[in-house]
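Enquirer: Residue numbers (this note's numbering): -19 to 322.
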Amino acid sequence: MTAVRRELEHYARPPFTDAAVRTLYVGGGRPSRLSPSVLQSLTDACRRTLGAPPLEETTLELHPSDASPNVLKALPRLGITRLSIRGQSFVDAKLRALGAPYSAEDLRDTVHRVQAVGVESVSVDLMFGGPNPSLSAWKASLQRAVDLRVPHVTLHEFGADSPSQRDDEAQADRFAFALRALGAKGYEPYELTHFARPGHRSRYQEHVYAHGNVLGLGPGAESFWWPDRTDPSSAERWANVPGVAAYSERLRDDESPVARRESIDRPSLACEYILLRLRTKEGLDLNVLHDRYDCSLRREKSATLNRLAAEGLIHDDPARIRLTDRGRLLADAITQRLMPEA
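(1) Would you call the CB atoms of Ala375 and Pro111 closer than 9 Å?
(2) Checking 9 Å against the spacing of the C-beta atoms, do Gln68 and Leu22 come in under that value?
(3) Just to check my reading of the structure: Ile294 and Arg302 have Cβ atoms closer than 8 Å, yes? What is that Cβ distance to the nearest angstrom?
(4) Let me check understanding here. Comparing Cα to Cα, which of Arg272, Asp46, Ala161 lies closest to Ser121?
(5) Would Ser144 be called buried (16 or more neighbouring beta carbons within 10 Å of its own) or exposed?
(6) Ordered along the chain, which non-local residues of its own chain (more than five positions away) have a Cβ less than 7 Å from that of Ala156?
(7) Residues in its own chain within less than 6 Å of Arg240 by CB, not counting five upstream and five downstream?
(8) Which two residues bound the contiguous beta strand (DSSP E) that contains Ala239?
(9) Is Ser144 helix, strand or coil when you go by DSSP?
(10) Tell me whether Arg232 sits in a helix, a strand or coil according to DSSP, three-state version.
(11) If distances are taken between C-alpha atoms only, which option among Cys26, Glu85, Gly166, Ala176 comes closest to Leu135?
(12) Using 8 Å for Cβ pairs, my map puts Pro44 next to Leu4. What's the rounded Cβ distance?
(13) Please classify Asn112: does DSSP put it in a helix, a strand, or coil?
(14) Give me whichever residues DSSP pairs with Ser64 in a beta bridge.
(15) With a threshold of 16 other CB atoms inside 10 Å of the CB of Val18, please say whether the residue is buried or exposed.
(16) Taking Arg183 and Phe204 to be in contact with their CB atoms under 8 Å, please state how far apart those CB atoms are, rounded to whole angstroms.
(17) Mark Glu171 as exposed unless 16 or more other C-beta atoms lie within 10 angstroms of its C-beta, in which case mark it buried.
(18) By the DSSP assignment, the beta strand (DSSP E) with Tyr170 in it spans what residues?
(19) With DSSP collapsed to three states, give me the class of Ala313.
(20) Would you tell me roughly how many angstroms separate the C-alpha atoms of Leu40 and Ser213, rounded to the nearest one?
(21) Please state the DSSP three-state secondary structure of Arg129.
(22) Given this structure, state the Cα-to-Cα distance separating Val126 from Arg279, to the nearest angstrom.
(23) Determine, using beta carbons only, whether Phe108 and Arg154 come nearer to each other than 9 Å.
(24) Does the count of Cβ pairs from the stretch 223 to 238 and the stretch 192 to 202 closer than 8 Å reach three?
(25) Given 8 Å as the limit, is there contact between the stretch 92 to 101 and the stretch 46 to 64, that is, 3 or more CB pairs closer than that?
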């Protein structure tokens, strides 16, 4: 934690202190293993250094094995308003296949105990595909999340970064089932893999998909920043060196932990905005794309938009493009078809 505090001190200056900090997300690795006192020190340091006003949301990623009474009792005092539980599945066979060190009953008990301490919002991550990928297990896992009245569900695809491990047709079937099953129970697919009941969207996720500033702290953390929000011609992205030892050593030696930094030009930012916004329920605002990113998709991709609409893959309103439920199953392919020419 000393290293994180040192990194945080580096950002105690404009433009970082000029930005209104809206959300805090404590995730990556297994932060719920930290003691309540260390978590308190971390959140206090962020608020103090960045001059954060009362936050709209503070999220902690929680591993079910870490949900001790001591940790759960401290959550309201720590200002944690949202928990993201790394559940994976409510089916024992699936958990065993994934090597999880807890059972489905442990996960259900964690959800009940979290709800009892009064955290405002709770999300559970569920994984589809991978070892023991039966459709019946997937249906059962989703149903148990609904039965537990979990207000937010995030879907994770096993092997999403390794095409050789994926069965695309089977994965599409599972995703399509989740769309129908969760939608029928009042869950809104506000982003491609994030489903929420009314009032339980993740504000952090919405900020990310609105192409907002993100300041990442810690080993391997990534950041995205607009140096000047009034000048959309460029932005910056950087990533810290991975590994606790290398990260800590750099900061101990008063060196920057940043391992990679890049400037992003306006055409590339336009592509990012298209990719991000097509994943959301509200979709891609063509006026924002034109005015802020200097990209006229209607002019450049008119024929493609017409074909996608005719194929039932997009809703093509005069100033907004949104994916249909069928289009959500083909989101990556549709995004590629709509990317501006280099």
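No residue lacks a Cβ here, since even glycine has one placed at the ideal position from N, Cα and C.
Model, not experiment: these values are computed from the prediction.
Expert: Quick look at the numbers:
(1) Summary: the structure shown does not reach residue 375, with the chain confined to residues -19 through 322, and so no result is reported for it.
(2) no
(3) 7 Å
(4) Ala161
(5) Only weak support exists for where Ser144 lies, its pLDDT of 49 falling under 50; the coordinates are left without a value.
(6) Same-chain partners within the cutoff: Leu309.
(7) Ala219
(8) 238 to 245
(9) Unreliable positioning characterises Ser144 in this predicted model, as indicated by a pLDDT of 49, which lies under 50. A coordinate reading is not provided.
(10) helix
(11) For the options Cys26, Glu85, Gly166, Ala176, the alpha carbon positioned closest to that of Leu135 is the one of Ala176.
(12) Not a contact, Cβ separation roughly 22 Å.
(13) coil
(14) DSSP, once it has assigned bridges, lists Glu41, Ser103 as partnering Ser64.
(15) exposed
(16) The Cβ separation is near 17 Å, so there is no contact.
(17) Label assigned to Glu171: buried.
(18) 168 to 171
(19) helix
(20) 34 Å
(21) coil
(22) Their Cα atoms are separated by approximately 44 Å.
(23) yes
(24) yes
(25) yes
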